[in-house]
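Engineer: Numbering (the working numbering), first residue to last: 651 to 753.
In this text, a Cβ means the ideal position worked out from N, Cα and C, and glycines have one as well.
The structure is given below, and queries will be raised subsequently.
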């Protein structure tokens, strides 16, 4: 779990990271910098394509959000769009649009 090579975290020497949760779809950690007072939570995402697995991802992300009270950066590939206006070049599947949003 979490070692499939789809998500990479790279940082400079002054940055420290503490991984708090590792899954197949994301890495969640605390970042800080020894040269400043910067500190933030970071979740790097590479979401799966299938709806049931993506639903589990959203549940986990919501759980992290409920426990996070400081700056939180979420970035990555969610493997879907939130609305049909976000899609260029092809049609969207309405069912996939519904499953790409948390309940």
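Which word fits residue 707, buried or exposed, when buried means at least 16 other C-beta atoms lie within 10 angstroms of its C-beta?
Structural biologist: Indexing the chain shown from 1 puts residue 707 at position 57. Buried.
Engineer: From 703, 688, 730, 674, pick the residue whose C-alpha is nearest to that of residue 694; which is it?
Structural biologist: On the chain shown, position 44 is the one that residue 694 refers to. Out of 703, 688, 730, 674, 674 has the C-alpha closest to the C-alpha of residue 694.
Engineer: So residue 681 and residue 692 are supposed to be a Cβ contact under 8 Å. How far apart are they, rounded?
Structural biologist: As a working mapping, residue 681 is identified with position 31 in the chain shown. As a working mapping, residue 692 is identified with position 42 in the chain shown. Residue 681 to residue 692, Cβ: 5 Å. Contact.
Engineer: Provide the residue(s) that pair with residue 680 in DSSP beta bridges, ordered along the chain.
Structural biologist: Start at 1 with the first residue of the chain shown, and residue 680 comes out as number 30. Answer by DSSP bridge pairing, in chain order: 668, 691.
Engineer: Return helix, strand or coil for residue 725, following the three-state DSSP convention.
Structural biologist: Walking along the chain shown from the start, residue 725 turns up at place 75. Strand at residue 725.
Engineer: On the criterion of 16 or more Cβ atoms from any shown chain inside 10 Å, does residue 679 qualify as buried, or is it exposed?
Structural biologist: Here residue 679 corresponds to residue number 29 of the chain shown, with the count starting at 1. Residue 679 comes out buried.
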